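*Asks:*
Number of protein chains: 2
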Amino acid sequence: MITPELLLQELQTAFSKHKYGAEPGELYAPIGYIMSLGGKRFRPLLTLLSASIYTDEWQSALRPAMAVEVFHNFTLMHDDIMDNAPLRRGEPTVHEKWNANTAILSGDVMLIRAYDLLLGIRPELMGKVLARFNQTAAEVCEGQQLDMNFEKRWDVTEAEYLNMIRLKTSVLLGFALELGGLLTGADEASLQLLYAAGENMGMGFQLKDDLLDVFGDPAKFGKQVGGDIISNKKTFLLIEALSRAEGTYRTDLEYWINAADFDKNEKVQAVTKIYEALDIRTFTEQKIREYFEKGLNALEGLPAPDGRKIPLWQFVHQLVERDK
Amino acid sequence: MITPELLLQELQTAFSKHKYGAEPGELYAPIGYIMSLGGKRFRPLLTLLSASIYTDEWQSALRPAMAVEVFHNFTLMHDDIMDNAPLRRGEPTVHEKWNANTAILSGDVMLIRAYDLLLGIRPELMGKVLARFNQTAAEVCEGQQLDMNFEKRWDVTEAEYLNMIRLKTSVLLGFALELGGLLTGADEASLQLLYAAGENMGMGFQLKDDLLDVFGDPAKFGKQVGGDIISNKKTFLLIEALSRAEGTYRTDLEYWINAADFDKNEKVQAVTKIYEALDIRTFTEQKIREYFEKGLNALEGLPAPDGRKIPLWQFVHQLVERDK
């Protein structure tokens, strides 16, 4: 009986055995390092879960699923350089532990190794898989570029922000689900539904990230609640607040954004209050619900026996209900 | 009648029409920029020339040939960040004209676009081409890592240096020739000969670069003669000199290497004299001849009608005889 837990275990085993390359050590050690930092591996899990709708031989999707995760971690390694991030999952980032040049070059070879994991796909599927992988990968880069562009702008619209997170985060979740179907012969309509399911759930997932940073339970959240507020990160909440705030709300919001020297807790409390007053919390929760519903509807509409969808269904519900 | 000049023209036309992506402009403009800086395009030309041995339909190799050139320029964009290089072909490097983050991310998407150019290869060839492309690409990264490692070492051996330039430069020339054969149905023995031809000529080519930097004709060379000497770049000549120099040659060589404040012309003249006295010039010229001969022998041994090899032969002789 296939369960998300079983597939995750198989994935972890495969990753623990996988070799990315040996010499020179300076080039390959950072790949082992970032992969060892963990992460929920939910992208490759989505691929295996969607493959298992169409076949009991989900193993044939294992290496391509791993390609998605290796690609994702490559983007983290390079994004951390660009974002000047000191920590990743509580540990030093690659450019901090080694240096920026090492993180650039190890990331490059990591992207190449992701493509290596696509080898072995049946020849008649290779062209389609490669085309979709490339398109998704380029879109993720486009999303990161937009994210960096937005750092310098204070007039980012809701639509622009949603498009950015779609590219940076959601398309890879869409592709992860689509890939499982692609590898196991799902028809075009099913592939589109799988993609839509992943893309919409990715949107909900990212917006929930934004929401939990402010309104998450500190005991469960693991990071400092309000971290995004402290750093003026342009989240969905801040962008909404900037577009809505008038009068004293606007004055207050701009005061806290521009404050160079401030008490962190005081800023978090003040901005959180503004969010509440402007109904940003409710509005964001509603958006998240809408995206998750669209995603679940796409899965529901997938023309496959309900029984075969159970493992994916189980996992997706865990994703939707997470509160940390 | 196929000639190297005709194929080069077709390549230039194809590159001038090729679109790498549009939005966001910050992401894609640097790709257009670095590709517009020119370069001899001899890697994709090698692919078309080897394809034209086996088929008159060399056009089927055009996009894969372009993939090799786009990959090569991706490595230049990222290497320039790592080497902190201000200029590339006399123009500002991407990280100078924009910034390092842009050069990282545009490079990333450029590597993805190189893979895009492999789409359209016949399905039954795709797996083999992708595997060889990946292996070559990873080796080029390994070569760049070794090159960076060597900057911090003064005990690099001749064998280590030759292995580094093999990885950083030669394997891509080997693959460029092999690819033309791969796409047009050359047998395994021929593929190995094509690869050996490119790899050995790549070695000769890189060593000639090292040699011309010191002993090139200033009127033809285009760069400052002795630039490598001024910057203590670990070329084949310097590594040989370090392994041979004894007595006053050693003292003099170490003096100039360690000199913080010096007259550039004086240093170039003094180190050049040491190279001459230690027979490094003759030795390097001999090595270059050996590699070119091995390369030419591999081509000679290629089981194909002599008439079909003429265009490749013509071009290879231009490469061997270049003095700038």
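Protein chains in written order, with our numbering: chain A, 1 to 324; chain B, 1001 to 1324. Backbone N, C-alpha and C define an ideal beta-carbon position, used for all residues, glycine too. As the structure is a computational prediction, the values presented were derived from the model and not from experiment.
Determine contact between the stretch 279-297 of chain A and the stretch 253-269 of chain A, defined as no fewer than three beta-carbon pairs at a distance below 8 Å.
*Replies:* No: the two stretches stay apart, fewer than three of their Cβ pairs being nearer than 8 Å.
*Asks:* By Cβ distance, which residues of its chain are closer than 7 Å to Leu167 of chain A, with the 5 residues on each side in sequence left out?
*Replies:* These residues qualify, in order along the chain: Glu139, Val140, Glu142, Gly143, Leu146.
*Asks:* In the DSSP assignment, the alpha helix (DSSP H) including Arg1281 of chain B goes from what residue to what residue?
*Replies:* Where Arg1281 of chain B is concerned, the enclosing alpha helix (DSSP H) stretches over 1280-1300.
*Asks:* Per DSSP, what kind of secondary structure is Pro86 of chain A in: helix, strand or coil?
*Replies:* DSSP places Pro86 of chain A in coil when its eight states are reduced to three.
*Asks:* To the nearest angstrom, how far is the alpha carbon of Asp108 of chain A from that of Leu1173 of chain B?
*Replies:* Cα to Cα, the separation comes out at about 20 Å.
*Asks:* Take Glu91 of chain A as the anchor and find which of A:Leu179, A:Leu37, A:Asn200, A:Leu278 has the nearest alpha-carbon.
*Replies:* Nearest C-alpha to Glu91 of chain A: A:Leu37.
*Asks:* Can you tell me the Cα-Cα spacing of Thr284 of chain A and Met77 of chain A, whole angstroms?
*Replies:* Cα to Cα, Thr284 of chain A sits roughly 29 Å from Met77 of chain A.
*Asks:* So that I know if they touch, is there some Cβ in chain A lying closer than 8 Å to that of His1078 of chain B?
*Replies:* So yes, His1078 of chain B belongs to the interface.
*Asks:* Could you please give me the residues that DSSP links to Glu10 of chain A through a beta bridge?
*Replies:* Partner(s): none; Glu10 of chain A has no beta bridge.
*Asks:* Identify the contact partners of Val109 of chain A in chain B, using a Cβ-Cβ distance below 7 Å as the criterion.
*Replies:* Residues of chain B passing the Cβ test: Ala1138, Cys1141.
*Asks:* Once you ignore the five residues that flank Phe236 of chain A on each side, which residues in its own chain have a CB closer than 7 Å to its CB?
*Replies:* Cβ neighbours of Phe236 of chain A beyond the five flanking positions: Tyr161, Leu207, Asp210, Thr284.
*Asks:* Could you work out which residue in B:Ile1112, B:Leu1049, B:Glu1266 is closest to Phe1074 of chain B when comparing CA atoms only?
*Replies:* With distances taken between Cα atoms, Phe1074 of chain B lies closest to B:Ile1112.
*Asks:* Using a Cβ-Cβ cutoff of less than 8 Å, which residues in the same chain neighbour Thr1003 of chain B once the five nearest sequence positions on both sides are dropped?
*Replies:* Same-chain partners within the cutoff: Pro1311, Gln1314.
*Asks:* Looking at chain A, is there any beta carbon in it that lies within less than 8 Å of the beta carbon of Ala1259 of chain B?
*Replies:* Ala1259 of chain B does not count as touching chain A.
*Asks:* What does DSSP give as the partner residue(s) for Pro92 of chain A in the beta ladder?
*Replies:* Answer is A:Leu87.
*Asks:* Could you name the residues of chain A that Met1148 of chain B contacts, counting a contact when the two beta carbons are closer than 7 Å?
*Replies:* Per Cβ cutoff of 7 Å: Asn101.
*Asks:* For Leu1194 of chain B, collect the residues of the same chain with a Cβ closer than 6 Å to its Cβ; drop the 5 residues on either side in sequence, then sort them by chain order.
*Replies:* Excluding residues within five positions, the ones whose Cβ falls inside 6 Å are Ser1050, Leu1177, Glu1178, Gly1181.
*Asks:* Looking at the unbroken alpha helix (DSSP H) that takes in Val1214 of chain B, where does it start and where does it end?
*Replies:* 1188-1215 is the extent of the alpha helix (DSSP H) around Val1214 of chain B.
*Asks:* Distance, Cα to Cα, Ile1104 of chain B vs Ile165 of chain A?
*Replies:* Cα-Cα distance, rounded: 20 Å.
*Asks:* Run the CB neighbour count on Glu1124 of chain B, radius 10 Å, all protein chains shown included, and call it buried at 16 or more, exposed below.
*Replies:* Exposed.
*Asks:* Return helix, strand or coil for Glu158 of chain A, following the three-state DSSP convention.
*Replies:* Looking at Glu158 of chain A - three-state DSSP - the assignment turns out to be helix.
*Asks:* State the CB to CB distance for the pair Leu117 of chain A and Val70 of chain A, rounded to an integer number of angstroms; the pair is presumed to be in contact (CB under 8 Å).
*Replies:* Sure, about 6 Å apart at Cβ, within 8 Å.
*Asks:* List, in chain order, every chain B residue whose beta-carbon is nearer than 7 Å to that of Asn134 of chain A.
*Replies:* Those within 7 Å of Asn134 of chain A in chain B are Ile1112, Tyr1115, Asp1116.
*Asks:* Run through DSSP, which three-state label would His18 of chain A get?
*Replies:* DSSP places His18 of chain A in coil when its eight states are reduced to three.
*Asks:* How many angstroms separate the CA atom of Ala270 of chain A from the CA atom of Glu321 of chain A?
*Replies:* Between Ala270 of chain A and Glu321 of chain A, the C-alpha separation is close to 28 Å.
*Asks:* Can you find a C-beta in chain A that's less than 8 Å from the C-beta of Met1126 of chain B?
*Replies:* Interface residue, yes.
*Asks:* Note the first and the last residue of the continuous alpha helix (DSSP H) segment covering Asp1056 of chain B.
*Replies:* Premise fails: Asp1056 of chain B is in no alpha helix (DSSP H) and is neither H nor E.
*Asks:* Which of helix, strand or coil does DSSP assign to Trp1313 of chain B?
*Replies:* Of the three classes helix, strand and coil, the one that applies to Trp1313 of chain B here is helix, per DSSP.
*Asks:* Let me know the secondary structure DSSP gives Asn265 of chain A once reduced to three states.
*Replies:* Helix at Asn265 of chain A.
*Asks:* Quick one, are the C-beta atoms of Arg342 of chain A and Leu6 of chain A less than 8 Å apart?
*Replies:* For residue 342 of chain A there is no data in the structure shown, the boundaries of chain A being 1 and 324.
*Asks:* Excluding five sequence neighbours on each side, which residues of the same chain lie with their C-beta closer than 7 Å to the C-beta of Met35 of chain A?
*Replies:* Cβ neighbours of Met35 of chain A beyond the five flanking positions: Phe15, Asn73.
*Asks:* Exposed or buried, Thr47 of chain A, counting other C-beta atoms within 10 Å across all chains shown (16 or more means buried)?
*Replies:* Counting Cβ neighbours within 10 Å, Thr47 of chain A comes out buried, since at least 16 surround it.
*Asks:* Tell me the rounded alpha-carbon separation between Gln318 of chain A and Ile288 of chain A.
*Replies:* Distance between the alpha carbons of Gln318 of chain A and Ile288 of chain A: 15 Å.
*Asks:* Could one say the Cβ of Arg31 of chain A lies closer than 8 Å to chain B's Cβ atoms, at least one of them?
*Replies:* The sequence given here has Ile at residue 31 of chain A, not Arg. So, not an interface residue.
*Asks:* Please determine, among A:Glu158, A:Asn232, A:Asp56, the residue with the shortest C-alpha to C-alpha distance to Lys152 of chain A.
*Replies:* For the residues A:Glu158, A:Asn232, A:Asp56, the minimum Cα distance to Lys152 of chain A belongs to A:Asn232.
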